[in-house]
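In the numbering used here, each residue's number is its place in the sequence shown (first place is 1) plus 1. Note sheet for the following structure.
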Amino acid sequence: MKPDISIVIVNYNVRAFLEQCLMAIDRATHSLKIEVFVVDNASVDGSQTLVKKKFPHVQLIENRSNVGFSRANNQALHKARGTYVLVLNPDTLIQEDTLLILKNYLDLHTDVGAVGCKLINPDGSFQITSRRSLPTPWVAFTRIVGLSKIFPKSRVFGRYNMTYLDPSIETEVDVLPGSLMFVRREVMVAIDHFDESFFMYGEDVDLCYRIKKAGWKIVYLPETKAIHYKGESTKKSEFSFVSNFYTAMLIFANKHYKHQYSIFMRMLLVVGIYGRALFSYTWRILKNFVSTSIDLLLIIASIFLAIKIWLPYSWLSRFGLILPIFTAVWVVSLYLFGAYHKKGRFHIKPVLWSSIVGLLINSTFVYFFKQYAYSRVVVLISFVLILVSLSLWRTIYRLAGPVAKKGPISKLRRAIIIGAGKEGKRILAQLQDRPDMLYEICGFVDFDEKTIGKAINGAEVLATIDSIRDVIRIERINDVIFSSDRLSNAQILETIILAQGTGVNFRIVPHELEYIVAKSSVDEIDTVPMLDFSGIADPLDLIVKRLFDIGAAAMVILFTTPLVLLNLLVGGKLMKRIVAGYMGKPIAIYEFKGGIRFLKKIPLFYTVFTGTLSVVGSEISEYDPKAYHTIYKPGLTGLVQIKSREKKKSLTQQEKDYYNLYYVKNQSVITDIQILLKSIFK
């Protein structure tokens with residue numbers, strides 16, 4: 002029997018998004034006769050196995066290499082038998098009514114060859130690529146030079162994405178996005194499908210151009226919606242994106258405008274495309290060298306300052322040869338220790354190791370070349386200045402810069418779960434067992450008013466879905482996690498739109514799956530049965546932590562010793578407590594009883610100095626040989642302590658275990674600094 006709709010999905014290494022997409026299609030089928038094709042472009046993430054095992058009704062085409070978007074689509078389109086064809090990206094989530102609405106529209110409008118729907122971003126905002134104009138020289142020019150962004154509401158400058166139109170109004174358009182395009186199969190056959198000279202990007206513009214040229218209308222229909230996790234299905238390196246995008250623009254211009262516009266207009270367009278591509282390449286290169294440039298300037302400045310400190314009257318010409326050698330050694334050391342790799346760019350550890358290695362190499366250099374022996378102390382002073390300055394700017398950047406939210410403590414994101422049913426409880430239980438998942442579950446939002454105030458495994462049902470904006474604001478929520486057993490895709494979309502503008506991330510857990518699917522990540526939430534505590538913190542981190550404890554305790558002891566003596570004179574007495582220490586062993590600590598109140602905890606700093614306590618650690622609790630105690634060193638402050646203060650109540654043992662495990666997994670100098678700052682200023 003002939004299918005009503007043939008759905009074609011091209012997949013490339015987005016297994017979790019593909020799984021969610023196929024599940025959404027199953028929920029949107031209703032009584033329609035559907036055939037689904039998945040063309041896999043040599044994924045290495047298990048996508049093919051997923052389709053075979055969980056979606057045996059899907060027709061899988063497995064390519065041995067990445068043949069591109071156009072060719073992969075055509076492989077399935079040549080086999081499609083449906084009256085209509087839906088070209089769909091795997092990172093797209095359709096509503097339950099999407100297929101019916103789009104089919105019914107083409108059934109009623111026989112002059113329309115293709116129709117698309119309203120696409121929304123994961124944060125609920127409208128995705129402006131839902132409808133576009135053809136990139137004529139003028140439209141392309143406004144896009145290339147940025148006029149379309151500066152004047153989005155102008156009919157003259159805002160034509161590229163038609164941003165001057167209300168997104169809630171049905172509109173005839175020139176171009177629909179390749180992420181979701183519902184087309185008559187007869188139209189596809191008549192125009193000979195996608196042009197395979199487009200590898201990626203531009204193929205949707207070319208297809209729509211040929212549909213219009215063949216006399217068919219193209220319509221944007223906002224009556225139904227879909228979430229598009231834009232870019233996930235085509236995510237590549239920044240440079241390949243630039244290359245593919247601007248190459249596609251050139252192919253389109255050469256193909257369709259060669260005889261339509263004057264040579265001057267075409268040359269202007271080509272120059273504009275090359276110019277914009279060059280700017281994009283340059284900008285991406287410069288971004289990668291910012292941290293290197295800062296380090297280079299600070300290293301040179303440190304060496305100059307070291308010279309002026311040790312040899313204030315010396316001519317700089319004496320250092321004409323060794324200055325560039327010293328600089329090069331430290332810069333190369335930074336590179337070799339990963340200071341300019343994406344993951345280590347703003348970490349202190351590579352700076353420390355590279356500074357030490359640079360010190361050793363440069364010291365060896367001046368040792369063997371006696372004519373430069375006068376600079377040995379300069380090398381040592383330079384080492385100190387370089388270590389401090391390079392570490393300082395990285396610390397400041399991680400605490401206060403654009404990536405501050407990615408710092409260790411800031412990773413612990415406040416989240417709510419939508420739906421307090423069986424699936425919501427499962428998600429909560431598994432997240433509570435995964436401190437490395439970085440979520441602090443603040444409660445549930447449900448649909449039944451009778452459940453408000455009910456506690457589920459320590460998490461309270463806070464409100465109904467109608468009050469989600471207030472919950473997000475009051476609880477300072479970062480993430481909203483949907484449990485999809487209680488919500489349809491349409492309800493998820495409505496909720497996202499209801500909370501639009503709150504700045505939260507929306508994450509979806511497909512029913513009974515082990516994934517949290519979000520804009521830029523797929524987090525597995527299956528339970529980890531055991532956490533290995535040995536070796537979690539890097540030995541270097543532990544050394545730095547101990548040095549920090551000694552330095553902080555020494556400063557406090559130095560400045561408070563007169564006050565401690567005074568407190569003893571006015572009646573303060575040292576009281577001994579036996580508390581649980583490292584590995585749960587009993588330790589003795591001392592506090593003041595009586596005397597000056599604010600000095601009560603000062604004796605604890607002596608214990609920190611000796612290494613029995615730490616400035617930042619687990620909660621200090623009375624020793625009980627029969628009770629379980631945290632295995633890491635107790636501290637004057639810590640994650641449990643500040644979270645208890647933030648919540649203004651004592652934490653449950655389950656909550657304490659969660660925060661203790663989280664701290665052990667994420668322990669670092671930056672983590673301790675953040676906890677300390679929160680303790681002092683909040």
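Backbone N, C-alpha and C define an ideal beta-carbon position, used for all residues, glycine too.
Three-state secondary structure (DSSP) at ILE151? Helix.
Of the residues ILE493, PRO325, LEU614, GLY203, which one's Cα is nearest the Cα of PRO124? A quick correction: the sequence has Asp, not Pro, at residue 124. It is ILE493 whose Cα lies nearest to the Cα of ASP124.
Quick one: what's got a C-beta closer than 8 Å to LEU222's C-beta in the same chain, skipping five residues either side? Cβ-Cβ distances below 8 Å link LEU222 to ILE102, LEU103, TYR106, VAL116, GLY117, CYS118, LYS119, GLU171 in the same chain, with the five nearest sequence neighbours on each side left out; the list follows chain order.
Rounded C-alpha distance that separates LEU335 from ILE387: Spanning the two alpha carbons is a distance of roughly 11 Å.
Does the region 600-611 come close enough to the region 549-564 that 3 or more CB-CB pairs lie under 8 Å? A contact is defined here as three or more CB-CB pairs under 8 Å, and the region 549-564 meets this definition with respect to the region 600-611.
Please report the residue range of the alpha helix (DSSP H) in which ASN64 lies. That residue, ASN64, is in no alpha helix (DSSP H); its beta strand (DSSP E) goes 60-64.
Assumed close pair ASP108, PHE18 - CB separation to whole angstroms, cut-off 8 Å: With a Cβ gap of about 30 Å, ASP108 and PHE18 do not count as contacting.
Count Cβ pairs between the region 613-627 and the region 561-581 that sit closer than 8 Å; are there 3 or more? Two segments are said to touch when three or more pairs of C-beta atoms, one from each, lie closer than 8 Å; by this definition the region 613-627 touches the region 561-581.
Close beta carbons around LEU324, own chain, < 7 Å, minus the five adjacent residues each side: If the five residues before and after LEU324 are omitted, its C-beta is found closer than 7 Å to the C-beta atoms of ILE304, all from its own chain and listed in chain order.
Tell me the residue span of the beta strand (DSSP E) that contains GLU620. Neither: GLU620 is in no beta strand (DSSP E) and is coded neither H nor E.
Residue range of the unbroken beta strand (DSSP E) whose run includes THR130: Unbroken run through THR130: none, as it is neither H nor E.
Any idea what DSSP makes of MET189, helix, strand or coil? MET189 carries a helical assignment under DSSP once its states are collapsed to helix, strand and coil.
Helix, strand or coil for GLY425? Go by DSSP, reduced to three states. DSSP places GLY425 in helix when its eight states are reduced to three.
Do three or more CB pairs link the region 142-160 to the region 76-87 at distances below 8 Å? With the cut-off at 8 Å, the region 142-160 and the region 76-87 do not touch.
Where do the N-terminal and C-terminal ends of the beta strand (DSSP E) with ARG477 fall, by residue? Here ARG477 belongs to no beta strand (DSSP E), and DSSP marks it neither H nor E.
Report all residues from its chain with a CB closer than 7 Å to the CB of LYS226; omit the five preceding and five following residues, and keep chain order. For LYS226, same chain residues with a beta-carbon under 7 Å away, outside a window of 5 residues either side, are GLN96, CYS118, LYS119, ILE121, LEU494 in chain order.
Give the secondary structure of MET163 by DSSP, where H, G and I count as helix, E and B as strand, and everything else as coil. Note: MET163 maps to coil in three-state DSSP.
Could you name the residues that DSSP lists as bridge partners for ALA589? In the DSSP output, where bridge partners are listed per residue, ALA589 has ILE579.
Where do the N-terminal and C-terminal ends of the alpha helix (DSSP H) with THR365 fall, by residue? 350-369 is the extent of the alpha helix (DSSP H) around THR365.
Cβ-based neighbour list, ILE382, same chain, cut-off 7 Å, excluding 5 preceding and 5 following: Excluding residues within five positions, the ones whose Cβ falls inside 7 Å are ALA307, ILE310, TRP311.
Is THR30 helix, strand or coil when you go by DSSP? DSSP places THR30 in coil when its eight states are reduced to three.
Please determine if the region 130-139 and the region 173-185 are in contact, where contact requires at least 3 C-beta pairs separated by less than 8 Å. The region 130-139 vs the region 173-185: in contact.
Residue of ARG16, SER71, ASP296, LEU208 minimising C-alpha distance to SER48: Ranking the options by Cα distance to SER48, first place goes to ARG16.
Classify LYS154: buried if its beta carbon has 16 or more other beta carbons within 10 angstroms, exposed otherwise. Exposed, because fewer than 16 other Cβ atoms sit within 10 Å of the Cβ of LYS154.
Kindly indicate which three-state DSSP category TYR106 falls into: helix, strand or coil? Helix at TYR106.
Hey, could you find the ends of the beta strand (DSSP E) ARG415 is sitting in? From DSSP, the beta strand (DSSP E) with ARG415 extends over 414-419.
Check whether VAL446 and LYS455 have beta carbons under 8 Å apart: Pairing VAL446 with LYS455 gives a Cβ-Cβ distance that is not under 8 Å.
May I ask whether a heavy atom of the ligand PLP can be found less than 7 Å away from the beta carbon of TYR341? With respect to the ligand PLP, the structure offers nothing, as it holds no ligand at all.
Taking the straight line between their C-alpha atoms, what separation do you get for TYR659 and ILE301? Distance between the alpha carbons of TYR659 and ILE301: 45 Å.
Report the option in GLN76, VAL11, ALA340 whose CA atom is closest to the CA atom of SER294. The shortest C-alpha separation from SER294 is found at ALA340.
Would ASP673 and VAL617 qualify as a contact pair, given that the criterion is a beta-carbon distance under 8 Å? With a cutoff of 8 Å on beta-carbon distance, ASP673 and VAL617 are scored as near each other.
Whether or not the region 324-333 and the region 633-648 are in contact is what I'm after, with contact meaning three or more pairs of Cβ atoms, one per stretch, closer than 8 Å; do they touch? For the pair of segments examined, the region 633-648 was found not to touch the region 324-333: the number of CB pairs separated by less than 8 Å stays below three.
Considering just the uninterrupted stretch of the beta strand (DSSP E) at ARG508, what are its terminal residues? Segment 506-510, the beta strand (DSSP E) holding ARG508.
Buried or exposed (CB count within 10 angstroms, at least 16 for buried), ILE192: Label assigned to ILE192: buried.
Exposed or buried, what is ASP467 when buried is set at 16 or more other beta-carbons lying within 10 Å of its beta-carbon? Exposed.
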